[in-house]
Each structure stands twice: as structure tokens, then as C-alpha cells.
Amino acid sequence: MIAAQILSVIIFIVMFIFIVMDKIERHYVTLGCAALTLIGVFGLVMRNFDAILRTLNVKSIFTLSFWYESGMAEESTSGINWATIFFIAGMMIMVEGMAKAGFFRWLCMLLAKAVHYRTIPLFIAFMLMSFVLAMFIDSITVILFLAAVTIELAKLLKFNPVPMILSEIFCANLGGSATMCGDPPNIIIGTSLKYSFGDFIANTGVMAVISLVFVVFYFLLVFRKELASPANIKELATSMPSPKEAITSKKDFVLSCIIFGCAVLLLVTHAQTGLTVAFIGAVIAIFTLLASGRYALHILKKVDYKTLLFFIGLFVVVGGLEETGILEMIAAWIGSVSQGNLKLMVAIIILVSGAASALVDNIPFAATMVPVIKSLAAAQGVDLSTLAWALSMGTDIGGSATPIGASANVVGTSVAAKSGYVIGWGKYCKTAVPATLIVILISMLIIFARYT
Amino acid sequence: MGKQTIISISREYGSGGHEIARKIAQELGFKFYDRSLLDEIATEKNMDVSVLQKYDEKPRNVILSRRVGGHTNSPEEIIAEFQFDFIRKKAEEGGSFVIVGRCAETVLKDFDGLISIFITGERQHKIKRVMDYFGISENEAILKMARHDRKRKQYHNRHSDAKWGDSRLYDLCINSSPLGIDGTIRVLENYIRERLGKTESK
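Line order of the protein sequences matches chains H and X. So in my numbering, spot 214 of the first sequence is number 621, and the numbers just go up one at a time. So in my numbering, spot 153 of the second sequence is number 142, and the numbers just go up one at a time.
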């Protein structure tokens, strides 16, 4: 077993190093490491064919509970989390349909017009929109459109877009933490530990909304000098593009709005209806493709299958750590350090996951930590959900601190740089690190007050 | 010289490649692009040129940057892309020019008029040239050379499938030390004129 443990840890570390080096595309890295885990760790060293089957977890797709669940049955966290894959794929297809119809650009332009293009109201409105959209849609898409429109408006209205982009990125990550479907770590936590959309809203959602109030005031305070509206704003506002111009096809636009509305409704009510997120993902994908008609193939081709493959490989590598007992050892270590004290466990989880997520991709980290907290809760007899909320806030918010912590940060700073606004680490961290610390502190205090 | 000619010159630090490229451009009456193309990019993008210079021809920092899908937030890579787009645009406009570095031999490999050259030099000559040019000691020159060549190599190999300085990547590789700067220029000009004659007689 020791050989298998050492090998699985080596594979995990090598995977992380290759992801950071970015010489080989990250889905090849995780799939390659997944193959090594399956063949090397499970096949050659452990000679355990069952572990391979458990980790591939394909059987789960063909069970009723994968699509519909009458009770809150506990699912094993082992191996590939197909529910996450199905849901993310479905959302990708829906978002692609919405983007093609011009939904996001229309929404940005409409909001800008509603606040008469004045810089401070625009700044607040875009932060709130970023938060709300990221609750349901992946933060990469939210930032991709929001940052692009912000730069476009900044050029027309002659203001510096960097403060706005930085605050939008932060709010996208914060919004993602509020729901089960907002951020990949939450999808993984939710599907692995069987928490509902409502559970997230009532717990991380509350923390995120309270934090949002502080964050909006914080960003207003730190960027107040850079947010002056130009003197001739009224004159400039008359020459702004109309929101309607963003809509490429009225029919597609209406259909994508309906599908988005249905997706939100299905997600909000999934605990009551019993429909799983895998089912919701599959249904919205099918409806989007049906509604797209002859563009269905085009939309399918635009799906970021590399990210899906990255997830699949990642789950297998983490499955290697789980099957060999490494994650239980980490859980036991946290248990012994905290000596059964729940407050200390929460503090360790939220701070360690926050710090780690600021420096490395938070998705592999969350996937690794889910089995750890499950094992920790079982061994120490503490409430699993408390640890889950700490992990969720730590991974989601910790990622906001640096330009590389979360996908939205990378995309936002990339869009800005491509338009001539290079945002270095210094500029980014100067405002993002204090904001991250504020939210982590608020979350920790709320968890302490509510659950411990 | 009716047809488009693009001369890309890659060079080892201290080999005199930059001076050779500039003089060839002068002799042939071609536009010359080196670091100065950053000025044009800065004007085009309404950016501060010092930001572009800071990240020019440098490899990305693997620890401090990340890529998500097609989006990278490495300023080095984004500024490299700005330059690649710029030289591609200049090449598509049909003009002839000489360009130093910037992976031009890879970026412009599909243009018929491309002549790619790599200039190397003997170590002692390169050290002396760097010492004289910057007025620094031998040790400082050695360190400076090693640093610049390492960065150029990493930068090049990040953006090209072929290796920096590999003779198979270039039409001509030449050691500037035996003939000196002017002698090397004469050889290169002869080669370029031969190539141009061949193209025009086609």
C-alpha cells in the first residue's frame, strides 16, 4: 500500500507542476496523470480492478438517483463526479446559445443606459450584475462579456476601466460562492455531498450577500479618485450604442431568455422536484440545441470540451489519493491538530483553502478537499455541512486574491491587457488582497456565530 | 526589387546581429523593425511604451501567470502577441522590411519573400563587444550575455516549435566573428541579392 500511496502522491504533485508550467495543455496533463493512476497505482501496484471501476464511476450514470432522487441519499465521493461534468457541459451549451443571441452584451448595455452612463452608478451596477450573473453562470463568461463592455464604455466615456474590471472580477467570484452552480468548487461540493441549491443559498449565499455590501463600499472607497465622470457625460451618453443593437436575432434572444429562466427555476426548486443537477444540465443542453436549429452543431463545437476532459482527469487523480488513503491521512492530521475543536477545524479549512486557492487553481484543491472534510467529519463527529461551507468560502474567495487564483481573474486581466490595460500583480493585489481578507473574515465570523 | 522581401534576423547577444540588421536595412532601403516597433504599437493601443518595453522579448513567468482556455494573463505573452500581430499586419500590407528577433522567422514562415538569418559569434568576440559597448567588466559581460541569451531562447522556444539557433530553422546561419560586422554584411547582402535575383527571374 505504501508504494501505491507514494506513487499516487507523486502523480498528483507532477500533475500540479505540469499545470503550473503550462507547457502541455492542462487536459492532456490531467488525462495523462489519470491514465498513470489507473494503470500504475490501481493496476500494477494495487492490482485492484474494483478501484478502477469505482474511480471511473461510469455505473453511476445509469442509476435512477443520478437523474432523480426522492430522498437525500448519500453518494460516494469516489472517482469521477459525472454529475459535475454533465451539469457544466449543459451550462456551457446554454451560455453559448445566450452569447450567440447577444444576451450578455444587451444586458450590460441596458444597465449602463439605465444609470445614464455615470461612472459611480455604473461601477456599482456592474458589480451587482457581476455578482448576480455569476450566481447562475460560470464566472469566465460573466467576466468575458462584462470586461469587454467595460472597456468599450471606458473608451467611449473616457474613464479608466481597470478599477471597474478589478471589482467586477471580485464580485463574480463572490457571486459564484453564493450558489451551488456558481463556481466549480461549489458544484463539486454540492454534487459530492448532496447539498441542494437552497442549502447553498441559505448558508454561503447569506455570507456572500453580507460580504457584498462590505465589498461594494470597500471598492468605492479605494477607487473613489479614479471614478470621476467626464464633464460632458450627457453629451457623450447620446452617442452610445443602443442595447437593442446587441441582439443578433430576436427569436434566439427570446428563446435563450426562456431557457435561462427555466434553468434558474429548475435549479432553485431542485430540492423540491428531486431533479438532480445532472438532469438539469442535460435538459437545458437538449433544449438549447433544439432551439438553435441548424446552429446546434456550431454551438456544440464551441463547447469547451478541454475543460470537461480536465475535470475528468482530475477526478481520477484525486480518486487515486482517496483509494490509497492519502486523503484520510490528511483528514486525520487536521483532526489531530485541531484536537476535535470545530472552530479550529473551520479556521484551518477556510484559511488553508483560501491561501492555497490564491496561489493554485481552486478546482483541483476543492476536488481534493471534499473527501478530506467528509472523512474528517466522520472521524471527529462534527457537522459535515459546517466544514463544507468553510471549504466553499475558502476556495471560492481565496481565489480572488491574486491574478492567477481563479479563472475569472485570468480572463478579466487578460481581456484588459489585450486592450492595452496591463494589470500587474502589484496593482491587482493592492485592492484584491484586503477585499479577500475582509470576506474571509466575515465568512469565518458568520460560521463561528451560526454553527459552532 | 518589385517583390516583397522580408529579412528576419535572429541573433546571439553580442554577435552584432542588431547592427548588421540595421545596416542591411539601410543599404537595401528597407524599413527596419527592432524594439522601436513597440512605439508604433503603443501609439496604436494608446499605451505607455515603457510597459511594453518592460515585457519585450521575455519569457512568461510560469509562477505568476496562468492560461484559461485561450486567455493568458501573462503580459509577456500578450505583448509578444501584439508584436506578432503587428509584424504579420506589416507583412500582409506587402512592404519589404528587416526585422530583428521577435520569432519573425516562425511568425512569417508562410510568406514567400521571407529570408531568415541567424547570426552567431565566437564567445571571446561577443564578450569583448559587450564589454566595449557597455563599458563593463568581463565578468559582467559574461553574465549579461548568458542572461539575455537564456531569455531569448526561452521566449523563442515558447512561441515556436523549433529551437532557437537550430540551423534547420533558418535559411542561413553565420558566425560574425571571422569576417567582422562589415564583412558579414557583405556576405549577407550577396546572399540576399542572389535570392532576390532568383525570385525576380521566376
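Glycine included, each C-beta is placed from N, C-alpha and C at the ideal position. Fair warning: this is a prediction, and the values are worked out from it, not measured in the lab.
In the DSSP assignment, the residues bridged to residue 162 of chain X are X:107.
For residue 574 of chain H, the closest of H:566, H:554, H:565, H:759 by C-alpha to C-alpha distance is H:554.
For residue 620 of chain H, the closest C-alpha among the options H:532, H:496, H:521 is that of H:532. A direct Cα-to-Cα measurement between residue 138 of chain X and residue 2 of chain X gives close to 6 Å. Under DSSP, residue 603 of chain H takes part in no beta bridge, so it has no partner. The residues 817, in chain order, have a CB closer than 7 Å to that of residue 811 of chain H in the same chain once the five nearest residues on each side in sequence are set aside. For residue 96 of chain X, no Cβ of chain H is located within less than 8 Å of the residue's own Cβ.
The region 709 to 774 of chain H is shown to contain whole alpha helix (DSSP H) runs of 4 or more residues at 712 to 730, 733 to 745, 749 to 766, in chain order. Taking CB atoms only, residue 53 of chain X has a neighbour in chain H less than 8 Å away.
Rounded to whole angstroms, the gap between the alpha carbons of residue 409 of chain H and residue 782 of chain H is 20 Å. Taken atom to atom, the span from the alpha-carbon of residue 715 of chain H to that of residue 488 of chain H is near 11 Å.
According to the DSSP assignment, residue 89 of chain X belongs to the beta strand (DSSP E) that extends over 86 to 89.
Counting only Cβ-Cβ distances below 9 Å, residue 109 of chain X has no contacts in chain H at all, with the closest Cβ about 26 Å away. If only uninterrupted alpha helix (DSSP H) runs of at least 4 residues are considered, those enclosed by the region 557 to 607 of chain H are 569 to 585, 591 to 600, 604 to 607. Taking a contact to require three or more Cβ pairs closer than 8 Å, the region 79 to 98 of chain X and the region -3 to 12 of chain X qualify as touching. Close CB contacts of residue 595 of chain H within its chain, under the 7 Å cut and outside five residues either way in sequence, are with 488, 491, 773, 774, 777 (chain order). At a cut-off of 8 Å between beta carbons, residue 146 of chain X makes no contact with chain H.
Excluding residues up to 5 positions away in sequence, 547 lie with their Cβ nearer than 6 Å to the Cβ of residue 814 of chain H in the same chain.
For residue 187 of chain X, not one C-beta of chain H is nearer than 8 Å to its own C-beta. Beyond the five residues adjoining it in sequence on each side, residue 751 of chain H comes within less than 6 Å, by CB distance, of 745 in the same chain, given in chain order. Identification of residues in the region 53 to 71 of chain X having a C-beta nearer than 7 Å to some C-beta of chain H yields 53, 54, 55, 56, 57, 58, 60, 61, 62, 64, 67, given in sequence order. In the DSSP annotation of this structure, residue -3 of chain X is not part of any alpha helix (DSSP H); the continuous beta strand (DSSP E) holding it starts and ends at -5 to 0. Straight-line measurement puts the Cα of residue 859 of chain H at about 56 Å from the Cα of residue 141 of chain X. Residue 60 of chain X sits in a strand when the DSSP states are folded into three classes.
Two segments are said to touch when three or more pairs of C-beta atoms, one from each, lie closer than 8 Å; by this definition the region 109 to 126 of chain X does not touch the region 54 to 71 of chain X. The three-state reading of DSSP puts residue 702 of chain H in helix, counting H, G and I together. The Cβ atoms of residue 442 of chain H and residue 730 of chain H lie no closer than 8 Å to each other. Among the residues of the region 35 to 48 of chain X, those with a Cβ less than 7 Å away from any Cβ of chain H are 35, 36, 40, in the order of the chain. Between residue 820 of chain H and chain X, the shortest Cβ-Cβ separation is below 8 Å. Apart from the 5 residues on each side of it in sequence, residue 42 of chain X sits with its Cβ closer than 8 Å to the Cβ of 24, 27 in its chain, given in chain order. Not one beta carbon of chain X lies nearer than 8 Å to the beta carbon of residue 501 of chain H. Assigned with DSSP and collapsed to three states, residue 835 of chain H falls in helix.
Contacts with chain X at 8 Å (Cβ-Cβ) do not include residue 807 of chain H.
Comparing alpha-carbon positions, the option among H:855, H:635, H:692 lying closest to residue 663 of chain H turns out to be H:692. Taking residue 566 of chain H as reference, the option from H:842, H:828, H:848, H:852 with the minimal CA-CA separation is H:828. Between residue 823 of chain H and residue 572 of chain H, the C-beta gap is smaller than 8 Å, which places the two residues in contact.
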